[in-house]
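Encoded as structure tokens, the structure appears first; notes follow it.
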Amino acid sequence: MNNFGKTIRLFLVDGTTNGLTTAELSNWTGIGVKVPRIKIREYSNRAEFQKPGVYILIGKGENNEDAAYIGEAEVIANRLFQQIAEKDFWNEAIFFSSKDKYLNKASIKYLENRLHELALKAGRYSINQNTPTRSELSEAEQAELEEFLSHAKVLTATLGHKLFEALEETVEDNEVQNQIFYCKNGAG
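Under our numbering, the final residue of the sequence shown carries the number 188; numbering is consecutive throughout.
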């Protein structure tokens, strides 16, 4: 598989890294958004928050380990308000939606399931939830959503969380680990 360079456009809405950040890839109709929990109400009327999508709540678990919860929503803002009331562990949300009307209920259920699967496989964050159900989609729809997922993975890491990347993926393939072996001869 060929890897191509990517152009990512980050926009710090209020000019700080502690506020709302939008992330877009060139030639992609999706959008990623990172928002601190304490700023969700402030930004909830924005168009990005009024669309269907998948979201990731990020914080610390009971043992201070990185923890995440992955969900889906027909209206992101409404679901984030619900999560503010129900879940205490998180301090930041990242969500992905489409700039057009591309995503529907079946597609966001598929994305939620696949993101959950990818996060468990990577094993970098504790994921505290049951496995979400996966929608049955055509082969063509699945292929399109897998491309959407690959972009979401890139943007999640760009926004500061390597939730979907196994530790081995972050080490160059040609990097060699030096090992030293000592042999002890029986004749002293």
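Quick reminder that beta carbons are idealized off the backbone N, C-alpha and C, glycines included.
**Message:** Residues in the same chain with beta-carbon distance under 8 Å from L149, minus the five sequence neighbours each way, listed in chain order, please.
**Reply:** In the sequence shown, the residue the question calls residue 149 occupies position 149. Contacts found: L111, R114, L115 and L118.
**Prompt:** Do E139 and I108 have their C-beta atoms closer together than 8 Å?
**Reply:** Working through the sequence shown from its first residue, we reach residue 139 at position 139. Working through the sequence shown from its first residue, we reach residue 108 at position 108. Cβ distance not < 8 Å, so E139 and I108 don't count as in contact.
**Prompt:** Are I70 and I56 touching if we call contact CB-CB under 8 Å?
**Reply:** Here the question's residue 70 lines up with position 70 in the sequence shown. Here the question's residue 56 lines up with position 56 in the sequence shown. It is a contact, given that the beta carbons lie within the stated cut-off.
**Prompt:** Which partner residues of F95 appear in the DSSP bridge assignment?
**Reply:** By 1-based counting over the sequence shown, the position of residue 95 is 95. V33 and Y55.
**From G160, E147, T156 and A143, residue whose alpha carbon lies closest to that of N3** = On the sequence shown, position 3 is the one that residue 3 refers to. Comparing Cα-Cα distances from N3 to each of G160, E147, T156 and A143, the minimum goes to E147.
**Message:** Measuring alpha carbon to alpha carbon, tell me which residue in S97, E65, T17 and S44 is nearest V54.
**Reply:** Against the sequence shown, residue 54 aligns to sequence position 54. Selected option, being the one with the closest Cα: S97.
**Item:** Of the residues A67, K105, N78 and E65, the one placed nearest A47, counting alpha carbons only
**Value:** Position 47 of the sequence shown, counting from 1, holds the residue named residue 47. Minimum Cα distance to A47 is reached at N78.
**Prompt:** Using 8 Å as the threshold, is the region 123-142 in touch with the region 158-166, meaning 3 or more CB pairs across them?
**Reply:** yes
**Request:** Following the continuous alpha helix (DSSP H) through I38, name the residue where it begins and the one where it ends.
**Result:** Working through the sequence shown from its first residue, we reach residue 38 at position 38. Where I38 is concerned, there is no enclosing alpha helix (DSSP H), given that its DSSP letter is neither H nor E.
**Prompt:** Quick one: what's got a C-beta closer than 6 Å to I40's C-beta in the same chain, skipping five residues either side?
**Reply:** Start at 1 with the first residue of the sequence shown, and residue 40 comes out as number 40. Closer than 6 Å at Cβ, skipping near neighbours: L80.
**Message:** Is it buried or exposed, T17, if we count other Cβ atoms within 10 angstroms and call 16 or more buried?
**Reply:** Position 17 of the sequence shown, counted from the start, is the residue given in the question as residue 17. Classification of T17: exposed, given that the 10 Å Cβ count is below 16.
**Prompt:** Skipping 5 residues on each side, what residues in its chain have a beta carbon closer than 6 Å to that of K101?
**Reply:** Position 101 of the sequence shown holds residue 101. Excluding residues within five positions, none has a Cβ falling inside 6 Å.
**Residue environment, L155, which counts as buried when at least 16 other CB atoms sit within 10 Å** = Position 155 of the sequence shown, counted from the start, is the residue given in the question as residue 155. So L155 counts as buried.
**Item:** Selection from K121, A152 and L145 that minimises the alpha carbon distance to L167
**Value:** Residue mapping note: residue 167 aligns to position 167 of the sequence shown, counting from 1. Comparing Cα positions, the closest option is K121.
**Prompt:** Is the CB-CB distance between H151 and G30 below 8 Å?
**Reply:** Position 151 of the sequence shown, counted from the first residue, corresponds to residue 151. Position 30 of the sequence shown, counted from the first residue, corresponds to residue 30. Yes, the pair counts as a contact, with Cβ atoms nearer than the cut-off.
**Item:** Residue burial classification, A143 (beta-carbon count within 10 angstroms, cutoff 16)
**Value:** Here residue 143 refers to the residue found at position 143 when the sequence shown is read from its first residue. It is exposed - the Cβ of A143 has fewer than 16 other Cβ atoms within 10 Å.
**Asked** Short check: CB of I38 to CB of W90, under 8 Å?
**Response** Taking the sequence shown and counting its residues from 1, one reaches residue 38 at position 38. Taking the sequence shown and counting its residues from 1, one reaches residue 90 at position 90. Cβ atoms of I38 and W90: not closer than 8 Å.
**Request:** Could you check what DSSP says for Y69 in three-state terms: helix, strand or coil?
**Result:** The residue labelled residue 69 in the question sits at position 69 within the sequence shown. Here Y69 sits in strand by DSSP.
**Prompt:** Are the Cβ atoms of K105 and E74 separated by less than 8 Å?
**Reply:** Looking up residue 105 in the sequence shown gives position 105. Looking up residue 74 in the sequence shown gives position 74. For K105 and E74, yes; Cβs fall inside 8 Å.
**Prompt:** From N63 to A23, what distance separates their C-alpha atoms?
**Reply:** In the sequence shown, residue 63 corresponds to position 63, counting from 1. In the sequence shown, residue 23 corresponds to position 23, counting from 1. Looking at the two C-alpha atoms, the distance is approximately 31 Å.
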